[in-house]
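Protein chains: 2
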Amino acid sequence: MEMKSDRETNQYAADLSSIKEARERIKSFIHNTPVFFSDSLDLMAGRRLLFKCECFQKGGAFKFRGASNAVLSLDEKQASKGVVTHSSGNHAAALALAAKMRGIPAYIVVPNNAPKCKVQNVIRYGGQVIWCEPMFDSRRITADKVQQDTGAVLIHPYNDGRIISGQGTISLELLEQFPEIDTIIVPISGGGLISGISLAAKSINPSIRVLAAEPVGANDAALSKENGRLITLPQTDTIADGLRAFLGDQTWPVVRDFVDAIITVEEKEIIHAMKLCYEILKVAVEPSAAVGLAAVLSDSFQQNSLWNECKHVAIILSGGNVDLDVLWEALYKKT
Amino acid sequence: MEMKSDRETNQYAADLSSIKEARERIKSFIHNTPVFFSDSLDLMAGRRLLFKCECFQKGGAFKFRGASNAVLSLDEKQASKGVVTHSSGNHAAALALAAKMRGIPAYIVVPNNAPKCKVQNVIRYGGQVIWCEPMFDSRRITADKVQQDTGAVLIHPYNDGRIISGQGTISLELLEQFPEIDTIIVPISGGGLISGISLAAKSINPSIRVLAAEPVGANDAALSKENGRLITLPQTDTIADGLRAFLGDQTWPVVRDFVDAIITVEEKEIIHAMKLCYEILKVAVEPSAAVGLAAVLSDSFQQNSLWNECKHVAIILSGGNVDLDVLWEALYKKT
Numbered sequence: 002m003e004m005k006s007d008r009e010t011n012q013y014a015a016d017l018s019s020i021k022e023a024r025e026r027i028k029s030f031i032h033n034t035p036v037f038f039s040d041s042l043d044l045m046a047g048r049r050l051l052f053k054c055e056c057f058q059k060g061g062a063f064k065f066r067g068a069s070n071a072v073l074s075l076d077e078k079q080a081s082k083g084v085v086t087h088s089s090g091n092h093a094a095a096l097a098l099a100a101k102m103r104g105i106p107a108y109i110v111v112p113n114n115a116p117k118c119k120v121q122n123v124i125r126y127g128g129q130v131i132w133c134e135p136m137f138d139s140r141r142i143t144a145d146k147v148q149q150d151t152g153a154v155l156i157h158p159y160n161d162g163r164i165i166s167g168q169g170t171i172s173l174e175l176l177e178q179f180p181e182i183d184t185i186i187v188p189i190s191g192g193g194l195i196s197g198i199s200l201a202a203k204s205i206n207p208s209i210r211v212l213a214a215e216p217v218g219a220n221d222a223a224l225s226k227e228n229g230r231l232i233t234l235p236q237t238d239t240i241a242d243g244l245r246a247f248l249g250d251q252t253w254p255v256v257r258d259f260v261d262a263i264i265t266v267e268e269k270e271i272i273h274a275m276k277l278c279y280e281i282l283k284v285a286v287e288p289s290a291a292v293g294l295a296a297v298l299s300d301s302f303q304q305n306s307l308w309n310e311c312k313h314v315a316i317i318l319s320g321g322n323v324d325l326d327v328l329w330e331a332l333y334k335k336t
Numbered sequence: 002m003e004m005k006s007d008r009e010t011n012q013y014a015a016d017l018s019s020i021k022e023a024r025e026r027i028k029s030f031i032h033n034t035p036v037f038f039s040d041s042l043d044l045m046a047g048r049r050l051l052f053k054c055e056c057f058q059k060g061g062a063f064k065f066r067g068a069s070n071a072v073l074s075l076d077e078k079q080a081s082k083g084v085v086t087h088s089s090g091n092h093a094a095a096l097a098l099a100a101k102m103r104g105i106p107a108y109i110v111v112p113n114n115a116p117k118c119k120v121q122n123v124i125r126y127g128g129q130v131i132w133c134e135p136m137f138d139s140r141r142i143t144a145d146k147v148q149q150d151t152g153a154v155l156i157h158p159y160n161d162g163r164i165i166s167g168q169g170t171i172s173l174e175l176l177e178q179f180p181e182i183d184t185i186i187v188p189i190s191g192g193g194l195i196s197g198i199s200l201a202a203k204s205i206n207p208s209i210r211v212l213a214a215e216p217v218g219a220n221d222a223a224l225s226k227e228n229g230r231l232i233t234l235p236q237t238d239t240i241a242d243g244l245r246a247f248l249g250d251q252t253w254p255v256v257r258d259f260v261d262a263i264i265t266v267e268e269k270e271i272i273h274a275m276k277l278c279y280e281i282l283k284v285a286v287e288p289s290a291a292v293g294l295a296a297v298l299s300d301s302f303q304q305n306s307l308w309n310e311c312k313h314v315a316i317i318l319s320g321g322n323v324d325l326d327v328l329w330e331a332l333y334k335k336t
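Protein chains in written order, with our numbering: chain H, 2 to 336; chain A, 2 to 336.
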């Protein structure tokens, strides 16, 4: 018996209809974020760039889309026990905010070396912080224990259809705002964002290119695409703290089948792009959010004739949560 | 014979009708800038704050409103000779951009110690840079000479009714966007911005409070108000490079008669407010643009019962033109 591919059987964690349902569910709670332009940046990139400003989303990042979709998807009985996740980043704060909105508890397992500002966001949104050791195993074990003790529902940061569907609502907004978009460049980490975006965008317009942007120092997605199988890394090294996670078994098939290419960028390209966002767009992005602009300005993109036809390029500015003192210190070390 | 006051004779450099005319003149060339909010900042300020994001204006600052109004006010014969100004800041770039838009020359007299990034903006917009010595006299003398040589029209950065009328269009937009605004806080330097804003806002709604925010290290407006006469300083000392100019004879009468109070803020308050704009609003402002938020958060504002009734406070984020490397270095020196 021949195996059918995932694409033929449509075996993915989300699809256009789950993404449209997500939008109905969350639309009165999220911001329809603006799209910014700059003639100066267009000139540098040699094409029209459209910056989708998810840094202006509630909680300061796209993560609130998926988190609110997941929390609002729960039935009353499930919801009453609350939600739990292990994350030190934007998903943690977004889940706390979504839970607060529904009036249910959020238990956030946080490694004890997490950035102070991100933990403060969780606390500000009423999340209950449960500390654990920084090792990944400790995070998982602690989250399992919280789940057993409280009956809370685990909401994974990206390896979850509800999360992927929520993030996919970006494509619905974007293609309504600017139907002429022919390319979308998306930061890739665990793959929740690009999975939702590519599933929605390619269902609406199959000729759209979806490109992932990734730091060289956390290039698991590039290696996975190259090798045709899910590869993780022993460690990562990048200033882009939101891009240090690895693809999961729910996101890898989507990335494998729907993402046209992965563009890797150097640290200095990320920092340069971040400065351009501040200095030219006047938008305060976190380093992870700058990889899309870094990619479109990179030699590997500019000199590849494959991308000559990318004339209206949307770039997802994924978030703006940054502790400036920490960032500045990191920049001084890097430059 | 008794002298009538300026207020009675309406002897000001602009009024509601000149501001409405300015708006008609410039509206298809400028951005109607968005207004941002933050529940977190509202909590800190104890009231609703509405941030008018002029950093997203063309040229990165409100200055393009006045500059485009001035350039578009010229008749064909005047315009054909071009425009000239002496400025190293946002007005220079804005005037260059406005002149480029009309297809006329812009001669920009720039002190040879001006920040590189601001000069680059002028050049990027096609302005012709004429270098001079950093002393104020040299700037004026050089500009006079350019005027004689070229026949170009001098467009002063703030002491000019066309400029004041252009900046005043901010009030028209703002009070249409949010009629419930009861207070507007405006950075003050030469006074062009606050003159336009206060003349328009108080004509539309006489009960609106207009407050100026000023660094302690450049407190000529506060001293002038206190003494009831125009006072300038021998020198200034502030990181807010856009707020080092002094009131002029066109702007002082408006500030004297229409600005309810001047709130002075310390350097550390400016830097703290600037960080809040980046970290919470995700908006990259220049230091000068942060003084309004610094003022509303200051003890002198918070503890003054005069301002208890300020419940819907608009804050003008005046611009976002900053050379990050220079800013960061300055911050390291200040903190």
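By construction, the Cβ of each residue, glycine as well, lies at the ideal position given by its N, Cα and C atoms.
Fair warning: this is a prediction, and the values are worked out from it, not measured in the lab.
| Check | Outcome |
| --- | --- |
| Anticipated Cβ contact below 8 Å, Gly243(H) with Asn91(H), distance rounded | 6 Å |
| Three CB pairs or more closer than 8 Å across the segment 68-86 of chain A and the segment 312-330 of chain A | no |
| Within chain H, partners of Glu280(A) - CB distance below 9 Å | Gly61, Cys118, Ala285, Gly321, Asn322, Val323, Asp324, Leu325 |
| Glu215(A): first and last residue of the uninterrupted beta strand (DSSP E) it sits in | 210-216 |
| Alpha carbon of Asn122(H) to alpha carbon of Ile272(A), nearest angstrom | 21 Å |
| Bounding residues of the alpha helix (DSSP H) (the contiguous stretch that carries Leu294(A)) | 292-298 |
| Contact between the segment 310-317 of chain A and the segment 100-112 of chain A (3+ Cβ pairs under 8 Å) | no |
| Segments assigned alpha helix (DSSP H), at least 4 residues, entirely inside the segment 34-109 of chain H | 40-46, 64-74, 77-81, 91-103 |
| Whole-angstrom distance between Gly320(A) and Ile240(A), CA atom to CA atom | 14 Å |
| Chain-ordered chain A contacts of Trp329(H) [CB-CB under 7 Å] | Trp329 |
| Endpoints, beta strand (DSSP E) assigned at Trp132(H) | 129-133 |
| C-alpha gap between Ala223(H) and Gly61(H), whole angstroms | 27 Å |
| Simplified DSSP assignment, three categories, for Ile264(A) | strand |
| Pro35(H) at chain A interface by Cβ criterion, 9 Å | yes |
| Nonlocal neighbours in the same chain, by C-beta distance under 6 Å from Pro135(A), ignoring five residues either side | Pro112, Asn114 |
| Nearest neighbour of Leu231(A), chosen from Gly128(A), Val256(A), Ser208(A), Lys28(A) [CA to CA] | Val256(A) |
| Lys59(A) beta carbon less than 9 Å from that of Phe37(A) | no |
| Any chain A beta carbon closer than 9 Å to Arg125(H) | yes |
| Beta carbon of Gly293(A) nearer than 9 Å to that of Ile186(A) | yes |
| Chain A contact for Lys276(H) (CB, 9 Å cutoff) | yes |
| Three-way DSSP call (helix, strand, coil) for Gly197(A) in this model | helix |
| Buried or exposed (CB count within 10 angstroms, at least 16 for buried), Trp132(A) | exposed |
| Element boundaries [alpha helix (DSSP H), containing Pro254(H)] | 253-259 |
| Under 9 Å from the C-beta of Cys311(H): neighbouring residues of chain A | Per Cβ cutoff of 9 Å: no residues; Cys311(H) is ~25 Å from chain A at best. |
| Chain A within 9 Å of Ser29(H), Cβ atoms only | no |
| Buried versus exposed, by CB contacts within 10 Å (16 or more), Leu234(A) | exposed |
| Cutoff 9 Å: Phe57(A) Cβ touching any chain H Cβ | yes |
| Any chain H beta carbon closer than 9 Å to Ser41(A) | yes |
| Coarse secondary structure for Thr184(A), derived from DSSP in three states | strand |
| Neighbourhood of Ala291(A) by C-beta, 7 Å cutoff - its chain only, sequence neighbours within 5 removed | Ile271, Ala274, Met275, Cys278 |
| Residue environment, Gly167(H), which counts as buried when at least 16 other CB atoms sit within 10 Å | buried |
| Neighbourhood of Arg24(H) by C-beta, 7 Å cutoff - its chain only, sequence neighbours within 5 removed | Thr170, Leu173 |
| Local conformation of Ala223(H) per DSSP, three classes | helix |
| Test: Leu294(A) CB closer than 9 Å to a CB of chain H | no |
| Expected contact under 8 Å - CB spacing of Ile189(H) and Ala213(H) to nearest Å | 4 Å |
| CB of Ala97(H) within 9 Å of CB of Gly127(H), strictly | yes |
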